[in-house]
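My numbering numbers the first residue of the sequence shown as 9 and each following residue consecutively. The beta-carbon is built from N, C-alpha and C at its ideal position, and this holds for glycine as well. Computed from a prediction, not measured in an experiment: that's the story for all the values here.
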Amino acid sequence: MLITASEVASVAHGTLVGLDCEASGIAFDSRTLRHGQAFVALGGEADGHDYLRDAVTAGAPFAIVQRGKSIDALTCVEVDDCDAALTAIGRHCRDRLATTLDGRVIGITGSVGKTSTKDLVLAVLRSKYANAHGPEKSLNNDIGVPVTIVNSPDSCEALVLEMGMRGLGEIARLCDVGQPQIGVITEVGDAHSERVGGIEGVVRAKAELLHSLPQSGIAIVNSDSVNAMKTVHSIAARVMTFGSSETAAVRWEIVSSDERGCCTVRFMAGNESAVGIVPLPGIHMASNAASAVAVGITCGIGIAQCVEALSNTQSASQRMQWVIGRNGIRILDDSYNANPVSVAAALRTVAETPAKQRYAVLGVMAEVLHSDLAHQEIAKLCEQLGIELLALETGLYGTSALSLSDIANILNGHDSTTVVLVKGSRVAAAERVVQVLVV
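Shown next, in the form of structure tokens:
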């Protein structure tokens with residue numbers, strides 16, 4: 009989206025230092041800033057003000073900085089708080105898009121499947137709305153949501169916003185900026201439960217999305233999940249369910265699956281049905297795809313077109329992604345994050361994949377309320393499924409904590425007859441395992 013420095017100064021109550029100029033979108037990381045994007049100098053572990061010169065080199069026409077931190081040769085907008093300024097800019101740009109979006113603003117949350125669902129929804133929407141836009145990677149917090157909005161095209165016809173949470177009130181804040189009119193709840197499970205007092209706290213936090221919807225809005229909710237269905241209590245919006253049961257408005261059933269774990273699925277809505285391939289591994293992806301079909305139908309796309317469009321889904325890295333390692337060993341890289349629900353789903357995908365030997369390299373599952381029990385239950389599931397558990401630098405699973413080199417030594421020499429799942433919370437940095445097995 010085209011924004012000017014003077015426009016930013018106005019909406020963020022800032023001061024323009026230098027000549028007015030125009031930018032195409034915004035970035036908060038000088039390393040990924042594209043030529044023509046404005047740079048916002050956020051705080052945190054790395055102070056963005058230390059990278060203003062890098063932003064100039066990358067082609068930023070102007071920057072948003074704290075008061076008194078302008079630099080020569082770069083137009084700056086000085087503000088009291090860069091984080092608050094970014095929020096204000098995101099809200100302003102969302103208002104600018106109101107006419108072209110025409111109600112097609114989709115907020116997606118859930119304990120698992122947010123990013124995959126976002127990718128599936130975008131594939132469906134782009135079959136009719138070429139300028140549908142969504143976040144890169146997993147930009148789903150107080151920074152990511154406004155950045156996603158500002159980086160949408162001026163002619164954006166549909167906007168998909170991924171919304172994560174690590175505490176109560178966070179999704180409500182994101183909804184205040186993004187103003188979704190369609191809300192999707194993928195699943196509600198034991199993720200970040202330690203921060204909100206247990207599963208009921210997770211339900212309340214996720215329900216903030218649906219409570220933000222206008223009366224004319226639509227809540228698209230997983231009817232197979234008891235906890236997800238709790239989020240619809242006392243909301244104003246109309247509820248549309250998706251699931252595997254006969255009562256779901258959009259129903260799915262598995263027809264077959266291939267050697268990658270990708271399923272051919274029949275989707276049904278009313279008297280219509282269509283069969284297509286979900287190109288992401290795992291039976292649980294059929295549920296995510298059903299939610300995308302529900303979004304498409306809500307946005308005026310026929311079920312056959314929705315299902316056909318699923319095949320165009322571009323999967324995010326480190327999320328249920330097949331990678332070939334040394335000697336042909338097959339790695340299911342789901343290393344981006346982990347909680348008990350997502351780990352169990354990934355393990356079942358591995359169990360259904362043809363192989364002579366199956367391993368699961370699992371890092372810690374962080375911010376789980378009953379951590380010891382949760383890790384023990386995952387270890388038990390591995391045993392039930394015939395998958396050998398290799399615990400990455402944690403003893404919580406009840407097995408020996410293994411170093412990265414230990415795991416590499418165990419798996420070296422395995423070939424294409426072996427499948428390895430790699431998964432863990434961000435703090436585990438489980439992607440390191442994939443790197444050593446591929447190099």
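_Beta bridge counterpart(s) of residue 361 as assigned by DSSP_ = According to DSSP, residue pairing for residue 361 in a beta bridge does not occur.
*Assess, as a yes-or-no matter, whether the segment 37-48 is touched by the segment 160-173 under the definition of 3 or more beta carbon pairs within less than 8 Å.*
Cβ pair count under 8 Å is below three, so no.
_If distances are taken between C-alpha atoms only, which option among 203, 188, 266 and 202 comes closest to residue 245?_
The residue with the shortest Cα to Cα distance from residue 245 is 188.
*Between residue 366 and residue 394, is the Cβ-Cβ spacing less than 8 Å?*
The Cβ atoms of residue 366 and residue 394 sit closer than 8 Å to each other.
*In three-state terms, what does DSSP make of residue 98?*
Reduced to three states, the DSSP call for residue 98 is helix.
*asked:* Give me the residue from 243, 242, 270 and 282 with the minimum Cα distance to residue 260.
replied: Among 243, 242, 270 and 282, the Cα nearest to that of residue 260 belongs to 282.
_Where residue 196 falls: helix, strand or coil (DSSP)_ = Of the three classes helix, strand and coil, the one that applies to residue 196 here is coil, per DSSP.
_Assuming residue 450 is part of the beta strand (DSSP E), what are its boundary residues?_
The shown model of the chain, from 9 to 447, leaves out residue 450, and the question about it has no answer.
*asked:* Between residue 70 and residue 87, how many whole angstroms is the CB-CB distance? I'm expecting something under 8 Å.
replied: Between the beta-carbon of residue 70 and that of residue 87 there is about 12 Å, and that puts the pair past the 8 Å contact cut.
*Return the chain-ordered list of same chain residues with a C-beta closer than 7 Å to the C-beta of residue 10, the five sequence neighbours on each side being excluded.*
Once the five neighbours on either side are set aside, the close Cβ partners of residue 10 are 30, 32 and 162.
*Give me the Cα-Cα distance between residue 208 and residue 249, rounded to the nearest whole angstrom.*
Rounded to the nearest whole angstrom, the C-alpha separation of residue 208 and residue 249 is 21 Å.
*Give me the Cβ distance between residue 132 and residue 309, rounded to the nearest whole Å; I'm assuming they're in contact under 8 Å.*
About 7 Å; that satisfies the 8 Å criterion.
*Near residue 268, what residues of its chain come up, given a Cβ to Cβ distance below 8 Å and the 5 sequence neighbours on each side ignored?*
Here the set comprises 289, 330 and 361.
*Between which two residues does the alpha helix (DSSP H) containing residue 375 stretch?*
For residue 375, no alpha helix (DSSP H) encloses it, and the DSSP letter there is neither H nor E.
*DSSP beta-bridge partners of residue 265*: Residue 265 is bridged to 271.
*Can you have a look at residue 264 and say buried or exposed, based on whether 16 or more other CB atoms are within 10 angstroms of its CB?*
Counting Cβ neighbours within 10 Å, residue 264 comes out exposed, since fewer than 16 surround it.
*So what does DSSP say about residue 437, is it helix, strand or coil?*
Coil.
_By alpha-carbon positions, which one of 123, 279 and 254 ends up nearest to residue 148?_
If we check each option's Cα against that of residue 148, 123 comes out closest.
*Quick one, are the C-beta atoms of residue 351 and residue 427 less than 8 Å apart?*
No. Outside cutoff.
*Which runs of the alpha helix (DSSP H) fall wholly inside the segment 153-216 and span at least 4 residues, in chain order?*
Listed in chain order, the complete alpha helix (DSSP H) runs (minimum 4 residues) inside the segment 153-216 are 178-186 and 201-204.
*Below 8 Å CB to CB, which residues in the same chain sit around residue 323 once its five sequence neighbours on both sides are set aside?*
Spatial neighbours of residue 323 in its own chain (CB-CB distance under 8 Å, excluding positions within 5 residues in sequence) are listed in chain order as 124, 127, 287, 288 and 329.
*With residue 376 and residue 347 assumed to form a contact (beta carbons below 8 Å), what rounded beta-carbon distance in angstroms separates them?*
In this structure residue 376 is in contact with residue 347, their Cβ atoms being roughly 6 Å apart against a cut-off of 8 Å.
*Whether residue 190 touches residue 243 by CB criterion (8 Å)*: With respect to the 8 Å criterion, residue 190 and residue 243 are not classified as neighbours on the basis of their beta carbons.
*Near residue 120, which residues of its chain fall below 8 Å by C-beta distance, leaving aside the five closest residues on each side in sequence?*
Taken in chain order, the residues that qualify are 194, 195, 197, 199, 292, 347, 349, 350 and 353.
_Coil, strand or helix - residue 429 by DSSP_ = In the three-state scheme derived from DSSP, where H, G and I count as helix and E and B as strand, residue 429 is classed as strand.
*Leaving out five residues before and five after residue 421 in sequence, what residues of the same chain have Cβ atoms less than 8 Å from its Cβ?*
The beta carbon of residue 421 is closer than 8 Å to those of 335 in its chain, skipping five residues each way along the sequence.
*residue 424 versus residue 383: straight-line alpha-carbon distance, rounded*: Using only the alpha carbons, I get a separation of about 29 Å.
*Measure the beta-carbon distance from residue 217 to residue 179 and round it to whole angstroms, keeping in mind my assumption that it falls under 8 Å.*
Confirmed, about 5 Å.
_Assigned exposure category for residue 233 - 16 Cβ within 10 Å defines buried_ = Buried, by the Cβ-count rule.
*Quick one: what's got a C-beta closer than 8 Å to residue 303's C-beta in the same chain, skipping five residues either side?*
A distance below 8 Å between beta-carbons, with the five flanking residues on each side excluded, links residue 303 to the following residues of its chain, in chain order: 114, 129, 132, 133, 190, 192 and 228.
*Taking buried to mean at least 16 other C-beta atoms within 10 Å of its own C-beta, is residue 239 buried or exposed?*
Residue environment: residue 239 is assigned as buried (16 or more neighbouring CB atoms within 10 Å of its CB, all protein chains considered).
*Coarse secondary structure for residue 313, derived from DSSP in three states*: Looking at residue 313 - three-state DSSP - the assignment turns out to be helix.
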